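Using numbering that gives the first Met the number 0, the letters of the sequence shown correspond one by one to residues 0 to 330.
The beta carbon of each residue, even a glycine, is placed where N, CA and C say it ideally should be.
Here the structure is a predicted model, which means the values were calculated and not measured.
What follows is a short report on a single structure.
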Amino acid sequence: MVADTLRSVLGQTHQNLEVIAVDDGSTDRTVQLIEEEFGGDERVRLVTQVNQGVAAARNAGLAEANGPLIAFVDSDDVWHQEKLAKQVALLERAGPDVGVVYTWYANIDRAGVIVPPLRPKPMHRGNVLAPLLLQNFVGNASTPLIRTSLLKRVGGYSRDLLEKSGGQGFEDWHLYLKLAEVCEFEVVAEFLTGYRQGRATMSRDVKPFLSNFHAARQDIWSRHPDLPRPLHLWSEIYLLAWMASRAWTLGQRITALGLLVRGAGTVIRNDPLLPFRPATRKFVRYALELRKHEGETADDRPYLGSVPVVDANAWRQTLELRSTFVDEIIR
C-alpha cells in the first residue's frame, strides 16, 4: 500500500514538493520497495530509523523537511491529485493568521474502494480550539496542510503520550489542539483524502488509549481554564460513544457494552443531571438522525478517480442538528 500512497503524492498537480519517506523500523520489504520504485525520483528521500512510534517518525520527517508547508500522509492512505493544489491556494488566500488547512476524507477499504456511508464532515473555521476539544474533526494525519514554522513553534508531535501510557493514540489530535492555540484553521470541503479503514479489532484494554486522551486533553485544559466546562465532560462522552459504536460494528459486543458502562459511570460521577440537560436532548436527536444514514450504499468504484460527492440536501438536517448541539456545548 505504501506504493499507492507515494504514487498519489507524486501525482499531485502541485508539483513543487519534496517527499520524505520515514521507515520506522519496518520488518517487511518497505525499504526495498521504495528504493526500487522511487529511488530514481530526486524528489523522494528515504529516512530509516529503529522503531520509535508514530510521533517520533513524523518528527523525523519534520526535521528533514526544507519547505514552508508540511503535509503528513500515513503509509496506507492516498490523496486525490488536486489535494495539495487546493489547500495551497486556500492558504494563500486566507492570509497569515491561518496555519492549518484540512480536507474532508472518504473511508476506503484495502482495495481502495469507498466504504459507505460517504459522510460530509464538520466545517469548523477560524478559532477552532473549543470544537476541536469536543471532537477531532480534522479526522486523521493525512488531511491537513500545515505551516512548517507553526509545527516547529509548538514542538511538533509530542512523545510524552507514548512514554506515559506505553500505548499510542491521540498524537494527531494533541498536535492539532496545540496548533489551534496559535493559529486559525480553514477547510477545503471536498473528499480529497482517502483514509484506509482496516478491520483490526479494538483492544479490550482501553486504558492506555484513554490515558493518552486524558493526557492530551489535560495539557490543553491546563492552559485554557476559561473554556466552557461542559466541554470537559462531553469530549469524553463523545469519545466513548464513538469507541462503543466502533467496537459494536466490529462485532466486539462485550467491549462495546463495557465502554457504554464506563460512559454511564463518567456521567454519574461528574453530572448526574446531564441526561435532562438541553445539550443531551440535542445530542440524542443528532445521533438518531445520523443512524438514518447507516446502511447507505456508495458507488462500487475506486476512490482515486473523480472527487466523490454527496447529496447536500440529504445531509442538511443531520449537519444542522450537529451544529446546534456543538453550539450548546461551546457557547
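query = When DSSP labels each residue in this structure, what does Tyr285 get in the three-state scheme?
reply = helix
ask   = Out of curiosity, what's the CA-to-CA distance linking Leu176 and Pro67?
value = 20 Å
request  = Using only alpha-carbon positions, find the residue among Gly138, Ala62, Met242 and Ser25 that is nearest to Val18.
outcome  = Ala62
task = Quick one: using the 10 Å Cβ neighbour count with 16 as the cut-off for buried, is Glu91 buried or exposed?
result = exposed
Residue closest to Val77, alpha-carbon to alpha-carbon, out of Val1, Val127, Arg118 and Ser25 = Val1
task = Could you say which of Pro207, Leu150 and Ala188 lies nearest to Ala311 if we only look at CA atoms?
result = Ala188
request  = Tell me where the beta strand (DSSP E) around Tyr194 begins and ends.
outcome  = Glu183 to Arg195
key: DSSP three-state assignment for Gly125, whether helix, strand or coil   = strand
query = Within the chosen definition, does the stretch 146 to 156 reach the stretch 113 to 122 through at least 3 CB pairs nearer than 8 Å?
reply = no
message = So, for Arg42: in the same chain, excluding its five sequence neighbours on each side, which residues have a beta-carbon less than 8 Å away from its beta-carbon?
response = Leu9, Leu16, Glu17 and Val18
request  = Can you give me the Cβ contacts of Tyr285 inside the same chain, cut-off strictly under 6 Å, excluding the 5 residues immediately before and after it?
outcome  = Leu320, Arg321 and Phe324
ask   = Taking the Cβ atom as the reference point for each residue, do Val100 and Pro143 lie within a distance shorter than 9 Å?
value = yes
key: Beta bridge counterpart(s) of Arg146 as assigned by DSSP   = Leu68
ask   = From this set, Ala313, Leu32, Ala20 and Pro307, which residue's C-alpha is nearest Lys82's C-alpha?
value = Pro307
key: Ala125 versus Leu132: straight-line alpha-carbon distance, rounded   = The sequence as given places Gly at residue 125; Ala does not occur at that position. About 14 Å.
task = Just the C-alpha distance for Arg109 and Val30, rounded to the nearest angstrom, thanks.
result = 21 Å
ask   = Which residues in the same chain have their Cβ closer than 6 Å to the Cβ of Leu128, if we skip the five residues on either side of it in sequence?
value = Ala179
ask   = Around the Cβ of Trp233, are there at least 16 other Cβ atoms within 10 angstroms (buried) or fewer (exposed)?
value = buried
ask   = To the nearest angstrom, how far is it from the Cα of Ile145 to the Cα of Val97?
value = 9 Å
message = In this structure, how does DSSP classify Thr12 when only helix, strand and coil are distinguished?
response = coil
ask   = For Pro207, which option in Leu259, Val137 and Phe169 has the closest C-alpha, if you only look at C-alpha atoms?
value = Phe169
ask   = Is Asn50 buried or exposed, if buried means 16 or more other CB atoms sit within 10 Å of its CB?
value = exposed
request  = Measure the C-alpha to C-alpha separation of Phe136 and Leu318 and round it to an integer number of angstroms.
outcome  = 13 Å
ask   = From what residue to what residue does the beta strand (DSSP E) around Ile19 run?
value = Val18 to Asp23
ask   = What does a CB cutoff of less than 7 Å around Thr4 pick up in its chain, not counting 5 residues either side in sequence?
value = Val72, Ser74, Asp75, Asp76 and Val77
task = Let me know the secondary structure DSSP gives Asn50 once reduced to three states.
result = coil
task = Label Leu160 either buried or exposed according to how many other C-beta atoms from any shown protein chain fall within 10 Å of its C-beta, with 16 as the threshold for buried.
result = buried
ask   = Which of helix, strand or coil does DSSP assign to Leu303?
value = coil
message = Quick check on Thr102: does DSSP put it in helix, strand or coil?
response = strand
ask   = When you compare each of Ala59, Gln196, Gln80 and Ala84 to Gly304 by their alpha carbons, which one comes out closest?
value = Gln80
query = Taking DSSP as the reference, what is the three-state secondary structure of Pro45?
reply = Strictly speaking, residue 45 in this sequence is Leu, with Pro absent from that position. In the structure shown, Leu45 sits in a strand (DSSP, three-state: E or B).
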